[in-house]
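Accompanying notes for the structure given below.
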């Protein structure tokens with residue numbers, strides 16, 4: 010059972026919606042709704058798709074939403090405040106979460122990224138702070154921009170997206186692959202997307218190795234050893250090297266340990 014209301018309606022969300030026990034989809038987006046999200050929506054055990062984006066809703070995100078079967082949660086472009094309750098991921102079924110363009114504060118609950126099917130997460134344009142779990146590697150599309158998060162989590166995202174682009178591999182598969190010590194002896198040319206490897210020019214090989222080496226450093230399992238965004242910018246802008254091996258002989262392990270060149274990275278004054 011689904012309920013769609015797309016006409017510009019005003020007022021608050023009726024708490025009586027909780028009486029629709031067979032409701033699976035609730036679409037009230039792009040209206041003029043005000044007030045808070047009724048906690049009684051958490052009583053809808055079969056609700057898996059909730060879309061309230063682009064309204065004028067205020068208040069907290071109800072913890073009780075995690076009592077439903079939520080897979081898709083869209084609350085963007087409202088005026089929600091407070092922290093993101095970790096309990097919204099209680100069902101462990103979340104696939105897409107968009108809470109962008111609100112006034113949410115506090116840290117990001119790691120439980121969201123532990124949902125096995127999670128694919129798209131947009132928490133941009135809020136007031137979130139703190140760090141983020143390294144398990145973001147399982148997310149296809151992640152937007153944490155315009156918050157106050159520690160930059161270490163930003164470089165991790167950079168590493169994931171960069172290697173996904175160059176290799177054409179699923180992020181979850183890629184991180185698992187790189188963490189296996191036996192596969193680190195694989196040659197870089199064999200890791201790259203075949204379409205890229207076929208078209209690469211000799212003059213581009215140095216740039217490819219620089220970018221991959223930096224991306225691998227951003228994926229270090231210990232956040233404190235990851236480079237800062239300033240370091241990344243410095244290396245991408247000013248890195249010069251004399252190769253110790255040819256492109257076709259460079260292994261992933263050599264890139265991870267920087268055993269490929271004599272580097273020089275000088276910050277611009």
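In this note's numbering, the protein residues as written are 10 to 278. All residues carry an ideal CB built from backbone N, CA and C; glycine is no exception.
Sorted by chain position, which residues of the same chain lie with C-beta nearer than 7 Å to residue 2's C-beta, five sequence neighbours on each side aside? The chain is shown only over 10 to 278; residue 2 falls outside these bounds and no answer can be derived.
For residue 197 and residue 266, the rounded distance between their alpha carbons: 13 Å
Does the contact criterion of 3 or more C-beta pairs under 8 Å hold for the region 57 to 64 versus the region 85 to 93? yes
DSSP three-state assignment for residue 159, whether helix, strand or coil: coil
Can you have a look at residue 257 and say buried or exposed, based on whether 16 or more other CB atoms are within 10 angstroms of its CB? exposed
Expressed to the nearest angstrom, what Euclidean distance is found between the alpha-carbon atoms of residue 177 and residue 170? 10 Å
Locate the beta strand (DSSP E) running through residue 19, then write down its first and last residues. 19 to 21
Determine the extent of the beta strand (DSSP E) in which residue 11 is found, giving its start and end residues. 11 to 13
Residue 78 CB to nearest chain D CB: under 7 Å? Among the chains of the structure shown, chain D does not appear; only one protein chain is present.
Give every residue of the same chain whose Cβ lies closer than 7 Å to the Cβ of residue 31, excluding the five residues on either side of it in the sequence, and list them in chain order. 10 and 55
Check whether the Cβ atoms of residue 118 and residue 95 lie closer than 7 Å to each other. yes
Less than 7 Å separating the beta-carbons of residue 113 and residue 135? yes
Report, in whole angstroms, the separation of the C-beta atoms of residue 49 and residue 18, which I expect to be a contact under 8 Å. Between residue 18 and residue 49 the Cβ distance is about 19 Å, and since that is not below 8 Å, they are no contact.
Are residue 71 and residue 51 touching if we call contact CB-CB under 7 Å? yes
Rounded to the nearest angstrom, what separates residue 76 and residue 201 at their Cα positions? 43 Å
In chain order, what residues of the same chain lie with their CB nearer than 8 Å to the CB of residue 38, ignoring the 5 residues before and after it? 15, 60, 61, 62, 63, 64 and 83
Taking the alpha-carbon of residue 174 as reference, which of 158, 203 and 140 has the nearest alpha-carbon? 203
Pairwise C-alpha distance: residue 116 and residue 91: 10 Å
Would you mind sorting residue 57 into buried or exposed? The rule is 16 or more other CB atoms within 10 Å of its CB. buried
Just to confirm before moving on: does the CB-CB distance between residue 152 and residue 179 stay below 7 Å? no
Can you tell me whether residue 122 is helix, strand or coil according to DSSP? helix
Could you give the distance in angstroms between the alpha-carbon of residue 243 and the alpha-carbon of residue 185? 28 Å
Where does residue 122 land, buried or exposed, given buried means 16+ other C-beta within 10 angstroms? buried
So, are the CB atoms of residue 172 and residue 98 less than 7 Å apart? no
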